[in-house]
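Chains as they are written, first to last, in full-length UniProt numbering: chain F, 1 to 331; chain C, 1 to 331. Here is the structure we will look at.
Number of protein chains: 2
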Amino acid sequence: MRRPTLHAVAARAGVSKSSVSRVINGEPTVAPEIRQIVMAAVTELGYVPNGAARNLVTQKTNTIAIIVSDPPEGLASDDPMFAMVVRAASRALEAAGKQVSLVLAGSDESRRRVEQYLAAGHVDGAMLVSMDGADPLPAVLARTGLPIVSHGRLATPGLMPWVDNDNLGGATKAVQHLLDQGRQRIATISGPLDMTAAQDRLTAYRETLKDTGRRSIVALGDFTRISGADAMRQLLADDPQLDAVFAANDLMAIGALRTLREAGRRVPEDVAVIGFDDIEAALYTAPALTTVRSPMGEQAAQTTRLLLDLIAHGSADSVTLPTEIVVRESA
Amino acid sequence: MRRPTLHAVAARAGVSKSSVSRVINGEPTVAPEIRQIVMAAVTELGYVPNGAARNLVTQKTNTIAIIVSDPPEGLASDDPMFAMVVRAASRALEAAGKQVSLVLAGSDESRRRVEQYLAAGHVDGAMLVSMDGADPLPAVLARTGLPIVSHGRLATPGLMPWVDNDNLGGATKAVQHLLDQGRQRIATISGPLDMTAAQDRLTAYRETLKDTGRRSIVALGDFTRISGADAMRQLLADDPQLDAVFAANDLMAIGALRTLREAGRRVPEDVAVIGFDDIEAALYTAPALTTVRSPMGEQAAQTTRLLLDLIAHGSADSVTLPTEIVVRESA
DNA sequence: AGGAGGTCGGGGAACGTTCCCCGAGTCTGA
DNA sequence: TCAGACTCGGGGAACGTTCCCCGACCTCCT
Numbered sequence: 001m002r003r004p005t006l007h008a009v010a011a012r013a014g015v016s017k018s019s020v021s022r023v024i025n026g027e028p029t030v031a032p033e034i035r036q037i038v039m040a041a042v043t044e045l046g047y048v049p050n051g052a053a054r055n056l057v058t059q060k061t062n063t064i065a066i067i068v069s070d071p072p073e074g075l076a077s078d079d080p081m082f083a084m085v086v087r088a089a090s091r092a093l094e095a096a097g098k099q100v101s102l103v104l105a106g107s108d109e110s111r112r113r114v115e116q117y118l119a120a121g122h123v124d125g126a127m128l129v130s131m132d133g134a135d136p137l138p139a140v141l142a143r144t145g146l147p148i149v150s151h152g153r154l155a156t157p158g159l160m161p162w163v164d165n166d167n168l169g170g171a172t173k174a175v176q177h178l179l180d181q182g183r184q185r186i187a188t189i190s191g192p193l194d195m196t197a198a199q200d201r202l203t204a205y206r207e208t209l210k211d212t213g214r215r216s217i218v219a220l221g222d223f224t225r226i227s228g229a230d231a232m233r234q235l236l237a238d239d240p241q242l243d244a245v246f247a248a249n250d251l252m253a254i255g256a257l258r259t260l261r262e263a264g265r266r267v268p269e270d271v272a273v274i275g276f277d278d279i280e281a282a283l284y285t286a287p288a289l290t291t292v293r294s295p296m297g298e299q300a301a302q303t304t305r306l307l308l309d310l311i312a313h314g315s316a317d318s319v320t321l322p323t324e325i326v327v328r329e330s331a
Numbered sequence: 001m002r003r004p005t006l007h008a009v010a011a012r013a014g015v016s017k018s019s020v021s022r023v024i025n026g027e028p029t030v031a032p033e034i035r036q037i038v039m040a041a042v043t044e045l046g047y048v049p050n051g052a053a054r055n056l057v058t059q060k061t062n063t064i065a066i067i068v069s070d071p072p073e074g075l076a077s078d079d080p081m082f083a084m085v086v087r088a089a090s091r092a093l094e095a096a097g098k099q100v101s102l103v104l105a106g107s108d109e110s111r112r113r114v115e116q117y118l119a120a121g122h123v124d125g126a127m128l129v130s131m132d133g134a135d136p137l138p139a140v141l142a143r144t145g146l147p148i149v150s151h152g153r154l155a156t157p158g159l160m161p162w163v164d165n166d167n168l169g170g171a172t173k174a175v176q177h178l179l180d181q182g183r184q185r186i187a188t189i190s191g192p193l194d195m196t197a198a199q200d201r202l203t204a205y206r207e208t209l210k211d212t213g214r215r216s217i218v219a220l221g222d223f224t225r226i227s228g229a230d231a232m233r234q235l236l237a238d239d240p241q242l243d244a245v246f247a248a249n250d251l252m253a254i255g256a257l258r259t260l261r262e263a264g265r266r267v268p269e270d271v272a273v274i275g276f277d278d279i280e281a282a283l284y285t286a287p288a289l290t291t292v293r294s295p296m297g298e299q300a301a302q303t304t305r306l307l308l309d310l311i312a313h314g315s316a317d318s319v320t321l322p323t324e325i326v327v328r329e330s331a
């Protein structure tokens with residue numbers, strides 16, 4: 001009932017286990033006839049090399065960890081980012097012949113386990129996804145010496161290479177678009193400020209407005225729909241005269257849209273709304289959401305490439321990807 | 001530069017490697033003072049047991065594979081199901097001390113690799129997610145003899161235990177709700193018919209309507225928003241008089257809502273729309289979507305429990321979870 | 001024809017654990 | 001106080017591979 005071993009295949013084929021190993025690993029220095037005999041024995045016995053034994057002796061695992069920060073609240077668990085990023089990264093990794101180990105870093109307890117897990121040599125490298133600035137995990141993991149890259153720029157610079165999209169540029173374009181429409185009172189719904197993406201988008205909003213003499217109107221969200229809805233209520237209370245809102249992501253823009261509808265404001269006539277990310281749902285809101293496209297699939301693919309480079313060459317340079325505005329109906 | 005081994009810790013602590021191993025694995029039969037000495041040496045050296053060596057000798061990996069069918073088209077890559085299911089299952093698995101290996105089964109090539117991967121002993125068990133009926137993968141994997149369960153009932157019965165929600169009951173409730181409102185011409189947008197969930201939802205629609213003498217009006221979708229929008233266009237062309245639509249999932253209902261809006265039909269006055277799943281986005285449509293709640297987080301957690309049971313006891317019974325209707329504005 | 005060089009297969013050590021088995025040490029009870 | 005039983009630590013084999021090194025055979029050149 002036990003799986004056949006290399007030894008069994010060698011015995012079956014009547015050659016040494018070295019020869020079998022060479023055939024399995026596709027080494028060129030093996031006679032064609034031997035190869036054939038071995039292959040026959042392999043298929044006959046249904047032999048598959050034992051992964052653990054292989055990992056042990058080669059000191060590599062062919063496995064990459066995708067480490068996703070997972071807030072214990074369990075909010076935003078249908079986050080489209082998660083699906084897009086994990087899926088795109090997995091695809092790229094599998095295309096490169098790597099296996100994927102998915103790690104949710106939630107509680108402190110689980111964070112400790114992540115460190116152990118990496119130190120135990122289970123993976124050849126890791127990709128960090130949506131880490132916030134307060135999280136000590138990146139620094140801890142960087143110290144393991146393993147090749148690690150970050151999907152999204154980290155608050156602490158220099159820890160590891162990263163791939164991010166041009167949040168500053170994108171947010172600037174968004175606010176500029178509202179200004180170009182002649183909007184006078186432009187508010188923003190910010191993301192959680194311990195994340196660099198949220199910081200950058202807020203900074204760009206402030207800088208762009210400052211040049212026009214307008215004042216900033218800011219409400220805080222956490223990148224979820226419900227927080228966007230709440231923040232919008234807050235903004236309407238703070239300044240009933242506002243005529244435009246820049247939400248730091250589409251999910252919050254969708255929440256804002258609902259609040260505006262409930263408040264009887266027309267979009268875009270009374271209030272223009274612009275989001276960020278261009279998730280698929282942005283096409284299906286009423287009215288359809290104007291937003292800034294961040295190339296999420298591309299970002300995940302590039303992050304993967306960066307990691308593979310880092311593993312192969314020992315170094316890799318961070319990348320910033322361009323963003324573009326997508327004008328639909330809401331602004 | 002190399003990581004310390006068990007041997008190094010033993011030397012440092014002045015005990016045998018057996019003692020160190022016992023301490024590491026928390027065996028009770030070890031003197032407290034020895035334990036203390038060993039622990040000191042462990043922290044001092046920063047020792048972490050090598051995973052591959054451990055896996056090799058114990059013949060288990062503490063790892064579970066989540067195998068997700070991944071259509072090559074790359075459509076629906078922001079599928080909220082993917083995020084919810086993978087996240088909930090990962091959480092449950094990590095809570096049980098298991099590591100998660102995420103496997104996307106896309107091309108034929110990658111399917112072959114999945115089989116190899118499982119046969120190589122990289123995992124102790126696997127969970128299949130969103131397999132369609134035409135997929136040979138479940139049968140192939142079942143033959144490996146590894147403990148495997150399915151998230152969602154499979155088209156081929158008896159292959160492995162599964163956890164599903166009550167699609168028949170839920171869809172019946174949905175259609176009945178439309179009937180109760182006095183709707184006369186009730187159409188449906190079906191999911192891909194090679195998936196059991198789509199089959200069941202369509203069957204329930206047909207059965208429920210049949211009793212009332214009404215005729216079925218069916219358009220085919222594939223569980224994506226765009227397909228829902230297309231199918232709705234089709235339905236309006238087929239029967240301009242229709243006054244209700246049951247979409248087999250919320251994503252397609254969202255697509256249908258957009259088409260209805262474009263066609264100038266009011267929801268729910270002219271056409272009632274009801275979805276299925278109760279994803280978070282259903283709360284944010286205009287009008288808010290009436291739908292059938294399927295407990296996705298619960299389903300993922302139960303599937304995990306089923307798998308752990310199967311691994312521990314060698315057997316486990318399939319589970320069907322109840323669904324309930326959630327009435328909002330659209331129907 | 002003989003030797004040198006190159007090609008290919010075989011034996012065995014090593015990877016870092018766990019676990020079995022044995023032996024030594026300790027404690028208890030008669 | 002001594003024997004027996006039990007507790008706890010140590011040595012070593014085993015897990016299934018890879019890879020190094022050596023040896024044998026073949027070929028080609030001189």
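Where is the CB? At the ideal position from N, CA and C, for every residue including glycine.
Check: Which residues bound the alpha helix (DSSP H) around C/Q234?
Finding: Residue 234 of chain C sits at position 234 when you count from the first residue of the second sequence. Looking at the DSSP string, the run of the alpha helix (DSSP H) that includes C/Q234 is 225-238.
Notebook entry, point to check: Of all the residues that make up the region 249-267 of chain F, which are near chain C by a beta-carbon distance shorter than 8 Å?
Noted result: Hits within the stretch, in order: I254, G255, L257, R258, R261.
Margin query: Since C/P161 and C/S318 should fall inside the 8 Å C-beta cutoff, what is the C-beta to C-beta distance between them, to a whole number of angstroms?
Written below: Along the second sequence, one-based indexing puts residue 161 of chain C at 161. Along the second sequence, one-based indexing puts residue 318 of chain C at 318. Contact between C/P161 and C/S318 holds, since their C-beta atoms are separated by about 5 Å, short of 8 Å.
Checklist line | Buried or exposed (CB count within 10 angstroms, at least 16 for buried), F/D277 | finding: The count along the first sequence starts at 1 and reaches residue 277 of chain F at position 277. Classification of F/D277: buried, given that the 10 Å Cβ count is 16 or more.
Next item on the list: In angstroms with no decimal places, state the Cα-to-Cα distance between C/P28 and C/E298.
Entry: On the second sequence, residue 28 of chain C is found 28 positions in, with the first residue counted as 1. On the second sequence, residue 298 of chain C is found 298 positions in, with the first residue counted as 1. Distance from the CA of C/P28 to the CA of C/E298, rounded to the nearest whole angstrom, comes to 37 Å.
Check: According to the neighbour-count rule (16 or more other Cβ atoms, all chains shown, within 10 Å of its Cβ), is F/V129 buried or exposed?
Finding: What you label residue 129 of chain F is simply residue 129 of the first sequence in a count that begins at 1. Its Cβ being crowded by 16 or more others within 10 Å, F/V129 is buried.
Checklist line | Rounded C-alpha distance that separates F/H177 from F/E280 | finding: As a working note, residue 177 of chain F is residue 177 in the first sequence. As a working note, residue 280 of chain F is residue 280 in the first sequence. Taking the straight line from one Cα to the other gives about 21 Å.
Note to self: Can you confirm whether C/D309, when its beta carbon is compared against all beta carbons of chain F, has any partner nearer than 8 Å?
What the structure shows: Here residue 309 of chain C corresponds to residue number 309 of the second sequence, with the count starting at 1. C/D309 does not count as touching chain F.
Margin query: Assuming C/V23 is part of the alpha helix (DSSP H), what are its boundary residues?
Written below: Within the second sequence, residue 23 of chain C is the residue found at index 23, counting from 1. Its alpha helix (DSSP H) spans residues 17-24.
Check: Do we get a CB-CB distance below 8 Å when we pair F/D270 with the residues of chain C?
Finding: By one-based count along the first sequence, residue 270 of chain F stands at place 270. No, F/D270 lies away from the interface with chain C (no Cβ there is under 8 Å from its Cβ).
Item checked: For C/N165: DSSP bridge partner residues -> Taking the first residue of the second sequence as 1, we reach residue 165 of chain C at position 165. C/L321, per the DSSP bridge assignment.
Next item on the list: Please go through the same chain and pick out, in chain order, the residues whose beta-carbon is closer than 8 Å to the beta-carbon of C/R214, but skip the five residues on each side of it.
Entry: For the purposes of this step, residue 214 of chain C is identified with residue 214 of the second sequence, where counting begins at 1. Within the same chain, C/R214 has close Cβ partners Q184, R185, I186.
Item checked: Option in C/R206, C/D164, C/G145, C/V149 with minimal Cα separation from C/V175 -> In the second sequence, counting from the first residue as 1, residue 175 of chain C sits at position 175. Checked all of C/R206, C/D164, C/G145, C/V149; the closest Cα to C/V175 is C/R206.
Next item on the list: Would you decide whether C/T212 is buried or exposed? Buried here means 16 or more other CB atoms lie within 10 Å of its CB.
Entry: Along the second sequence, read from residue 1 onward, the residue named residue 212 of chain C stands at position 212. Counting Cβ neighbours within 10 Å, C/T212 comes out exposed, since fewer than 16 surround it.
Item checked: the region 230-239 of chain C / the region 248-268 of chain C touching (three or more Cβ pairs under 8 Å) -> By the Cβ rule, the region 230-239 of chain C counts as touching the region 248-268 of chain C, because three or more pairs are nearer than 8 Å.
Item checked: Start-to-end residues for the alpha helix (DSSP H) that takes in F/F82 -> As a working mapping, residue 82 of chain F is identified with position 82 in the first sequence. Here the alpha helix (DSSP H) through F/F82 covers 80-95.
Checklist line | Per-residue contacts from F/I279 into chain C (C-beta, under 9 Å) | finding: Residue 279 of chain F sits at position 279 when you count from the first residue of the first sequence. F/I279 reaches chain C at D78, counting residues in chain order whose Cβ is nearer than 9 Å.
Margin query: Below 8 Å on the Cβ atoms is my contact criterion, and I expect F/G121 with C/N55 to pass it. Report the Cβ-Cβ distance as a whole number of Å.
Written below: Against the first sequence, residue 121 of chain F aligns to sequence position 121. Against the second sequence, residue 55 of chain C aligns to sequence position 55. Actually they do not touch by this definition, with Cβ atoms about 11 Å apart.
Item checked: Pick from C/K98, C/M252, C/G152 that is closest to C/M296, judged by C-alpha positions -> What you label residue 296 of chain C is simply residue 296 of the second sequence in a count that begins at 1. Residue C/G152 is the option with its Cα nearest to C/M296.
Item checked: Per-residue contacts from C/R225 into chain F (C-beta, under 7 Å) -> The sequence position of residue 225 of chain C within the second sequence is 225, counting from 1. Those within 7 Å of C/R225 in chain F are E280, Y284.
Check: Can you tell which of F/T323, F/V327, F/T304 has its C-alpha closest to the C-alpha of F/A316?
Finding: Residue mapping note: residue 316 of chain F aligns to position 316 of the first sequence, counting from 1. For the residues F/T323, F/V327, F/T304, the minimum Cα distance to F/A316 belongs to F/T304.
Notebook entry, point to check: Where do the ends of the beta strand (DSSP E) carrying F/S69 lie?
Noted result: Residue mapping note: residue 69 of chain F aligns to position 69 of the first sequence, counting from 1. Annotation: the continuous beta strand (DSSP E) that includes F/S69 extends over 63-69.
Next item on the list: Pair every Cβ in the region 241-259 of chain F with every Cβ in the region 54-70 of chain F, then say whether three or more of these pairs are closer than 8 Å.
Entry: The region 241-259 of chain F vs the region 54-70 of chain F: no contact.
Next item on the list: Note down the Cα distance separating F/V140 from F/T208, rounded to an integer number of angstroms.
Entry: Along the first sequence, one-based indexing puts residue 140 of chain F at 140. Along the first sequence, one-based indexing puts residue 208 of chain F at 208. Their backbone Cα atoms lie some 36 Å apart in a straight line.
Check: Nearest to F/A286 by alpha carbon, out of F/R328, F/A248, F/A312, F/E324?
Finding: Within the first sequence, numbered from 1, the residue matching residue 286 of chain F stands at position 286. By alpha-carbon distance to F/A286, the top candidate from F/R328, F/A248, F/A312, F/E324 is F/R328.
Item checked: Chain-ordered neighbours of F/Q184 on chain C, where CB pairs are closer than 8 Å -> Taking the first residue of the first sequence as 1, we reach residue 184 of chain F at position 184. By Cβ distance, chain C contributes nothing, its closest Cβ being about 26 Å from F/Q184, past 8 Å.
Next item on the list: Evaluate C/V245 with the Cβ neighbour count: other Cβ atoms within 10 Å of its Cβ, from every protein chain shown; 16 or more gives buried, anything less gives exposed.
Entry: Counting from one through the second sequence, the residue named residue 245 of chain C turns up at place 245. Under this definition C/V245 is a buried residue.
Notebook entry, point to check: What does a CB cutoff of less than 7 Å around residue 408 of chain C pick up in its chain, not counting 5 residues either side in sequence?
Noted result: Any answer about residue 408 of chain C is impossible in this case: the structure gives chain C only from 1 up to 331.
Item checked: Where C/S216 falls, given that 16 or more other Cβ within 10 Å makes a residue buried -> Start at 1 with the first residue of the second sequence, and residue 216 of chain C comes out as number 216. With a threshold of 16 other beta carbon atoms within 10 Å, C/S216 falls short and is exposed.
Next item on the list: On a CA-only basis, which of F/Y117, F/L146, F/L159, F/L118 is nearest F/P136? Give me that one, please.
Entry: As a first step, residue 136 of chain F must be located in the first sequence, where it is residue number 136. Minimum Cα-Cα distance from F/P136 among the listed residues F/Y117, F/L146, F/L159, F/L118 corresponds to F/L159.
Item checked: Residue span of the alpha helix (DSSP H) that contains F/M127, given as start and end -> As a working mapping, residue 127 of chain F is identified with position 127 in the first sequence. Taken as a continuous stretch (DSSP letters only), F/M127 belongs to no alpha helix (DSSP H), being part of the beta strand (DSSP E) at 125-129.
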